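Every letter in the sequence shown is one number past the one before it in numbering that gives the first Met the number 0, and letter 45, counting from 1, is 44.
Yeah, the Cβ is synthetic: ideal placement off N, Cα and C, and Gly gets one too.
Here the structure is a predicted model, which is why all the values come from computation and not from measurement.
Below: the structure, in structure tokens.
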Amino acid sequence: MAYKPPKQGLAGQIFDVLTLLVLTIGALYIPLYLGLAGAAKVPNPIANPTWEALGQNATEQQQWAALGITDPAAANDIITARFDYSFSWVALIVMAVLVIGYFVMVVRLSDKEYREVIEERFGKKR
0 MAYKPPKQGL
10 AGQIFDVLTL
20 LVLTIGALYI
30 PLYLGLAGAA
40 KVPNPIANPT
50 WEALGQNATE
60 QQQWAALGIT
70 DPAAANDIIT
80 ARFDYSFSWV
90 ALIVMAVLVI
100 GYFVMVVRLS
110 DKEYREVIEE
120 RFGKKR
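Next up, the structure:
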């Protein structure tokens, strides 16, 4: 006798797709919305910049010119910008709790579904 898994209705499939879509978009946009992700650069401009003061050699100056920037003052913020590597311990702990909680939930749900499939396929243990 061949195993036939239970069929899911159209409404259930649509609900599953919409749920996954909302979760995916949420996972991508919520960190940006909360300010937890993104390139946080802090410019540290210097007064009266020159190409030499900005540490740019002749080849780099040519590349800036190819981009349409010939004035060192225009490139000052871009060159002196540094990434902000600060972080919040609270945000790190919250993220760790969420990731570990998600992992535990996936393992428990998978175990439950695995047992249901085994029971459907082979019947109850005697």
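query: Should P44 go down as buried or exposed, given a rule of 16 or more other Cβ atoms within 10 Å for buried?
result: Here residue 44 refers to the residue found at position 45 when the sequence shown is read from its first residue. With fewer than 16 other Cβ atoms within 10 Å, it is exposed.
message: If you measure between the beta carbons of A80 and P42, is that distance less than 9 Å?
response: For the purposes of this step, residue 80 is taken as the residue at position 81 of the sequence shown. For the purposes of this step, residue 42 is taken as the residue at position 43 of the sequence shown. In contact: A80 and P42 (Cβ atoms closer than 9 Å).
- prompt: Who are F82's beta bridge partners in DSSP?
  reply: Within the sequence shown, residue 82 is the residue found at index 83, counting from 1. Answer by DSSP bridge pairing, in chain order: K40.
Status (buried if at least 16 other CB within 10 Å, exposed otherwise) for W126: Only positions 0 to 125 of the chain appear in the structure, and residue 126 is not among them; the question remains open.
message: Counting C-beta neighbours from all protein chains within 10 Å, is the total for A74 16 or more, i.e. buried, or is it exposed?
response: Looking up residue 74 in the sequence shown gives position 75. Flag for A74 reads buried.
- prompt: For the alpha helix (DSSP H) that contains Q62, what are its first and last residues?
  reply: Taking the first residue of the sequence shown as position 1, residue 62 is located at position 63. Unbroken alpha helix (DSSP H) run through Q62: A57 to A65.
message: Once the 5 residues before and after L35 are set aside, which same chain residues still bring their CB inside 7 Å of it?
response: Here residue 35 refers to the residue found at position 36 of the sequence shown. Excluding positions up to five away in sequence, the list reads A90.
query: What residue does the alpha helix (DSSP H) around S109 start on, and which one ends it?
result: Position 110 of the sequence shown, counted from the start, is the residue given in the question as residue 109. Unbroken alpha helix (DSSP H) run through S109: W88 to F121.
- request: Since I believe P71 is in contact with L53 (beta carbons under 8 Å), could you give me their beta-carbon distance rounded to a whole number of angstroms?
  value: As a first step, residue 53 is located in the sequence shown; it is residue number 54 there, counting from the start. As a first step, residue 71 is located in the sequence shown; it is residue number 72 there, counting from the start. Confirmed, Cβ separation roughly 6 Å.
- request: In angstroms with no decimal places, state the Cα-to-Cα distance between P170 and R114.
  value: In the structure as shown, the chain starts at 0 and stops at 125, and residue 170 therefore has no counterpart that could be examined.
task: Between the Cα of N47 and those of L97, D76, F121 and V98, spot the shortest distance and give me the residue it belongs to.
output: Along the sequence shown, one-based indexing puts residue 47 at 48. Ranking the options by Cα distance to N47, first place goes to D76.
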